[in-house]
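Protein chains: 2
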Amino acid sequence: MENQQETAGPDLCGVRCIHTERVARAGEEALEAATLDRLARTFGALSDPTRLKLVMALSGGEMCVCDLAAFLKVSPSAVSHQLARLRDLCLVKRRRQGQVLYYSLDDEHVAGLLELGLAHALE
Amino acid sequence: MENQQETAGPDLCGVRCIHTERVARAGEEALEAATLDRLARTFGALSDPTRLKLVMALSGGEMCVCDLAAFLKVSPSAVSHQLARLRDLCLVKRRRQGQVLYYSLDDEHVAGLLELGLAHALE
DNA sequence: CTAATATATGAATGATTGCTCAGGTATTTG
DNA sequence: CAAATACCTGAGCAATCATTCATATATTAG
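Line by line, the protein sequences give chains A and B.
When we follow my numbering, the leftmost residue of the first sequence carries the number 359, and every step to the right adds one.
When we follow my numbering, the leftmost residue of the second sequence carries the number 359, and every step to the right adds one.
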């Protein structure tokens, strides 16, 4: 019984897995859990319309928290929470000028992701 | 009082928005709600480690539902739900051969998104 | 036709997530 | 120094989501 793969559910796909070698190869090529998790959280940061609108706005140049709150029509507190999340994943960075913090996209990857994602969504 | 922007919260950022013209420009360049929503859902489909592992596995070639369930160690039902979501956003496509459905990435955009995202997550 | 296999799907449920509220920190002004 | 402004953050609540369970559909075998 060396071909079998354990499945979790009660409606498991019989006893056999159809392509054992293909599954094994996928296992070898798989990313480690920590990387997978960070990648998932990165995409997750872009999975909300409000946050996405925020990031797209920043792709047009830097903005302060007040500007973003006004633009998104949400409270500065909400914006700040979202910015913290984006910051945590290095999607945006900030620069202080007096009391004002100006946010912008962290690097070109971010604009690239937006472009590619949009190209796919529109096709 | 033509410079003011309404904000939603009670701790609203004073009465004034700092860069009115910048906010106005962002408004002009903004995507329409439906597009934004679809884009958000597209990224959302990639925001779960299990689904991400699934999609990355498919980037190495097509796999059937059974294979994926075995590889991910979740029930075929759970995989099927996830595949439906990915299918709905045209991230994966399927081809039937007898009773077996083989899934693969829908187009190059998808692999591109994974690559770009990974490059960012690893930097 | 009936039985078996592979996959799909609706409903229910526990876990995440977005927002608000109520504070707290950092910077400038007087 | 104290007051004001811009922003941050922890806790709590409502909505969303991933999974399970039960059932339904599609294809092949007999």
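Built from N, CA and C at the ideal position, the CB exists for glycine as well.
Run of the alpha helix (DSSP H) containing residue i, from where it starts to where it stops
i	result
B/VAL458	Element bounds for B/VAL458: not the alpha helix (DSSP H) but the beta strand (DSSP E), 458-463.
A/VAL413	407-416
B/ALA479	466-480
A/SER435	434-446
B/LEU426	423-430
B/GLU379	378-387
A/GLY402	391-403
Under 8 Å by beta carbon: chain B residues contacting residue i
i	result
A/ASP395	PRO407
A/ALA415	ALA384, GLU387 and ALA388
A/LEU459	Ordered by position in chain B, no residue passes the 8 Å Cβ test against A/LEU459, which lies about 11 Å from the chain.
Partners in chain A for residue i, counting only beta-carbon separations shorter than 7 Å
i	result
B/HIS467	LEU474, ALA477 and HIS478
B/LYS411	ALA388 and LEU394
Contacts that residue i makes with chain B (C-beta to C-beta distance below 7 Å)
i	result
A/ASP425	CYS375, ILE376, HIS377, ARG380 and VAL381
Residue i and residue j closer than 8 Å at C-beta
i	j	result
A/ALA415	B/ALA384	yes
A/LEU318	B/PRO407	In the structure as shown, chain A starts at 359 and stops at 481, and residue 318 of chain A therefore has no counterpart that could be examined.
B/LEU397	A/LEU449	no
B/VAL437	B/LEU430	yes
B/VAL458	A/ILE376	yes
B/LEU480	B/TYR461	no
A/ALA428	B/VAL381	yes
A/LEU444	A/VAL413	yes
Residue interval of the beta strand (DSSP E) (run including residue i)
i	result
B/LYS451	450-455
Within chain B, partners of residue i - CB distance below 9 Å
i	result
A/GLY456	In chain order: nothing, as chain B lies at least about 11 Å away.
A/LEU471	PHE401, LEU471, LEU474, GLY475 and HIS478
Decide yes or no for the touch test of the segment 392-402 of chain B against the segment 459-476 of chain A: beta carbon pairs closer than 8 Å, at least 3 of them.
yes
Is the segment 409-429 of chain B close to the segment 423-439 of chain A, with three or more CB pairs under 8 Å?
no
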